[in-house]
Amino acid sequence: MVVPARDRQATRARFLTGIPRRQAYSSPPGQLVVILVVLVALCLGAGVAGAFDVQQRRAALDRVIDRGGPLTGAAMDVYQSLSDADATVAGAYLVGDVEPAELRDRYRTNIAEASAALGTASLAEGTEADLTTLNTHLPVYTGLIETARTLNRQGLPQGVAYLREASTVAQTVMLPAAERLLGQENARLRQAQQEASSVDPVVIGAAVLVLLALLAAQVHLARTTRRIFNAGLLVATVCAVAAVAWLVTASVVAAAHAHAGRTEGTAQVAVFSEVRAEALKARCAESLILVARGNGTVHEADFDLAAARLSGRLLADAERAATTPGTRDAVRRAGEQWSNWLAGHKALREKDDGGEFDLAVKLATNAGQQGGTASPSRTVDDELGKAIQIANERFESESAHARNALAFGDLGVAVLMVLAALGVGFGYLPRLREYR
Numbered sequence: 001m002v003v004p005a006r007d008r009q010a011t012r013a014r015f016l017t018g019i020p021r022r023q024a025y026s027s028p029p030g031q032l033v034v035i036l037v038v039l040v041a042l043c044l045g046a047g048v049a050g051a052f053d054v055q056q057r058r059a060a061l062d063r064v065i066d067r068g069g070p071l072t073g074a075a076m077d078v079y080q081s082l083s084d085a086d087a088t089v090a091g092a093y094l095v096g097d098v099e100p101a102e103l104r105d106r107y108r109t110n111i112a113e114a115s116a117a118l119g120t121a122s123l124a125e126g127t128e129a130d131l132t133t134l135n136t137h138l139p140v141y142t143g144l145i146e147t148a149r150t151l152n153r154q155g156l157p158q159g160v161a162y163l164r165e166a167s168t169v170a171q172t173v174m175l176p177a178a179e180r181l182l183g184q185e186n187a188r189l190r191q192a193q194q195e196a197s198s199v200d201p202v203v204i205g206a207a208v209l210v211l212l213a214l215l216a217a218q219v220h221l222a223r224t225t226r227r228i229f230n231a232g233l234l235v236a237t238v239c240a241v242a243a244v245a246w247l248v249t250a251s252v253v254a255a256a257h258a259h260a261g262r263t264e265g266t267a268q269v270a271v272f273s274e275v276r277a278e279a280l281k282a283r284c285a286e287s288l289i290l291v292a293r294g295n296g297t298v299h300e301a302d303f304d305l306a307a308a309r310l311s312g313r314l315l316a317d318a319e320r321a322a323t324t325p326g327t328r329d330a331v332r333r334a335g336e337q338w339s340n341w342l343a344g345h346k347a348l349r350e351k352d353d354g355g356e357f358d359l360a361v362k363l364a365t366n367a368g369q370q371g372g373t374a375s376p377s378r379t380v381d382d383e384l385g386k387a388i389q390i391a392n393e394r395f396e397s398e399s400a401h402a403r404n405a406l407a408f409g410d411l412g413v414a415v416l417m418v419l420a421a422l423g424v425g426f427g428y429l430p431r432l433r434e435y436r
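Numbering-wise, the UniProt record's numbering puts 85 at position 85 of the sequence shown, and it's gapless, one number per residue.
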């Protein structure tokens, strides 16, 4: 459509003078200017929103990998190390006046790992009370153990009382505090993973609005100028579509990896850790039954409770949670050895109740003893430890893939939407010049 020179000059004069202003904005060039400004603002706004969303989710993944994972791992190490230390020292006490070097070294390693993990866990927020409890009672626990060892080496029966007191401190004070610490860090890690997986609805709305606005602008120009295509708006639309496609693709891939890291990593670790801790409680209770020499009714109840939880729910939960071949195999072997452990425990109790205490101790401590509990209990712990390690590696790998999927996404979306804004400008400026 060709506008006569006289009409163009009159329209331009009214538009530039702004008198009246409402009429100027309602004139064809005024409408084009308004549409141009709105489209440029939408493109730039969507670009900023998309880039900011990608940055936020990448920062969440950074927290998951660099902070959430290590802190959760530290909290888990505190719990597992203390559980294993309590079970190890109880078993070592059965062997004789001087415990084997292997068990002594394992206990010392557990205490050292717990102390180091407490130092790492101190970086977490909102865990001061539990950390104070653990830091306060850890030297109390080790002091009681050393006293029990000293008395045991001297052949004095009072060592049993110190050992029971140490186990009570571990089971009723330290392990509950470690469990709360682990629960808090698991919750924070899940929250960070959810933040990394979800796209802000505002970003989605802005992207849809930009595409609809560009489409409407092309339809409007086609009707008012009788030109079907506008090169600038086509370029802007292509850039906007490319930005949205990049954002959606990166988000879907990152969300898939983050979900896999949660379901095949941290969620499995939580389940396997609970099973392993319960198995360590059973091992400790089994040893304390024999240490008590006929006064182990309380510890028998503790073993029965742990056994009921393992057989009734925990091992079944672990089998359902295991979604990778490595974890499935490890959990299956742990389940098989748990059955052997129960059979050995039954034989152990029969020997102890029948007055054959020495044979019962051999069944509990001699890994090579046929039908004993030492070998299967150790295998249960080892296999669950392998499952936890495999799940942790899966979590780290999937989280890294999720972060890589968002790499350069903020820059790419921002650049494409700036190009889209420039395309809008190049598409409308020639139309505005026609009114001069």
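Glycine included, C-beta positions come from ideal geometry on N, C-alpha and C.
If you're wondering where the values come from, they're calculated on a predicted model, not measured in any experiment.
In whole angstroms, give me the CA-to-CA distance for residue 428 and residue 36.
Cα-Cα distance, rounded: 7 Å.
Can you tell me whether residue 220 is buried or exposed, with buried defined as 16 or more other CB within 10 angstroms of its CB?
Label assigned to residue 220: exposed.
For residue 298 versus residue 318, is the C-beta spacing smaller than 7 Å?
Their beta carbons are not under 7 Å apart, which means residue 298 does not touch residue 318 by this criterion.
Would the segment 166-179 count as touching the segment 32-52 if we require 3 or more Cβ pairs under 8 Å?
Judged by Cβ distances under 8 Å, the segment 166-179 makes no contact with the segment 32-52, as fewer than three pairs qualify.
Could you tell me the alpha carbon to alpha carbon distance between residue 290 and residue 335, rounded to whole angstroms?
C-alpha separation (whole angstroms): 25 Å.
Please return the same chain residues whose Cβ sits closer than 7 Å to the Cβ of residue 200, not counting the five positions on each side in sequence.
The answer, listed in chain order, is 53.
Span of the alpha helix (DSSP H) holding residue 188?
First-last of the alpha helix (DSSP H) with residue 188: 175-197.
Can the beta-carbon of residue 254 be found closer than 7 Å to that of residue 405?
Yes, they are a contact pair.
Measure from the alpha carbon of residue 205 to the alpha carbon of each residue in 74, 279, 325, 43, then state which is nearest.
When only C-alpha atoms are compared, the closest one is 43.
Which value, in whole angstroms, describes the spacing of the CA atoms of residue 124 and residue 59?
Those two C-alpha atoms are separated by around 17 Å.
Helix, strand or coil: how does DSSP classify residue 200 here?
It is coil, neither helix nor strand.
Once the 5 residues before and after residue 95 are set aside, which same chain residues still bring their CB inside 6 Å of it?
Cβ within range, chain order: 365.
Which of the three DSSP states is assigned to residue 116 in this structure?
Helix, per DSSP.
How about residue 77 and residue 112: do their beta carbons lie closer than 7 Å?
Not closer than 7 Å, so no.
Could you tell me the distance, in whole angstroms, from the CA atom of residue 346 to the CA atom of residue 358?
Taking the straight line from one Cα to the other gives about 15 Å.
In the structure shown, what three-state DSSP assignment does residue 128 receive?
Of the three classes helix, strand and coil, the one that applies to residue 128 here is helix, per DSSP.
Given residue 3, which residues of its chain have a CB within under 6 Å of its CB, disregarding the five upstream and five downstream residues?
Low confidence applies here, because residue 3 scores a pLDDT of 47, under 50, leaving its location unreliable and the question unanswered by this model.
Do you know offhand how far residue 213's Cα is from residue 39's?
If you take the alpha carbons of residue 213 and residue 39, they lie about 7 Å apart.
Tell me where the alpha helix (DSSP H) around residue 266 begins and ends.
Premise fails: residue 266 is in no alpha helix (DSSP H) and is neither H nor E.
Sorted by chain position, which residues of the same chain lie with C-beta nearer than 7 Å to residue 137's C-beta, five sequence neighbours on each side aside?
Hits under 7 Å: 169, 173, 174.
Would you call the segment 241-257 and the segment 407-427 in contact, with 3 or more CB pairs under 8 Å?
Judged by Cβ distances under 8 Å, the segment 241-257 makes contact with the segment 407-427, as three or more pairs qualify.
Does the distance from the CB of residue 283 to the CB of residue 87 come in under 7 Å?
The answer is yes: Cβ separation under 7 Å.
Taking residue 181 and residue 75 to be in contact with their CB atoms under 8 Å, please state how far apart those CB atoms are, rounded to whole angstroms.
The pair is a contact, with the Cβ atoms about 5 Å apart (cut-off 8 Å).
Is it true that the CB of residue 57 sits closer than 7 Å to the CB of residue 196?
Yes.
Can you check which of these residues, 376, 225, 343, 280, is closest to residue 433 by C-alpha distance?
Per the Cα distances, 225.
Are there three or more Cβ pairs, one per stretch, closer than 8 Å when the segment 254-266 is compared with the segment 383-401?
They touch, by the three-pair rule.
Could you tell me which whole alpha helix (DSSP H) segments of length 4 or greater appear in the segment 282-362?
Whole alpha helix (DSSP H) segments, 4+ residues: 297-309, 315-321, 325-353.
Would you identify the three-state DSSP class for residue 274, choosing helix, strand or coil?
The answer is helix: DSSP assigns residue 274 an H, G or I state.
Using 8 Å for Cβ pairs, my map puts residue 162 next to residue 148. What's the rounded Cβ distance?
Contact holds; Cβ gap of about 4 Å.
Nearest by alpha-carbon distance to residue 440: which of 218, 241, 207 is it?
The first residue shown for the chain is 1 and the last is 436, placing residue 440 beyond what the model contains.
In angstroms, rounded to a whole number, what distance separates the CA positions of residue 211 and residue 41?
Taking the straight line from one Cα to the other gives about 13 Å.
In three-state DSSP terms, what is residue 407?
Coil.
For the alpha helix (DSSP H) containing residue 69, list its first residue and its last residue.
Segment 69-95, the alpha helix (DSSP H) holding residue 69.
Starting from the Cα of residue 261, find the closest Cα among 34, 33, 31, 65 and give me that residue.
Taking only the C-alpha atoms, the option nearest residue 261 is 65.
What does the alpha-carbon distance come out to for the pair residue 232 and residue 33?
Each residue's alpha carbon lies about 15 Å from the other.
Alpha carbons only, please: which of 61, 426, 327 is nearest the one belonging to residue 384?
Answer by Cα proximity: 327.
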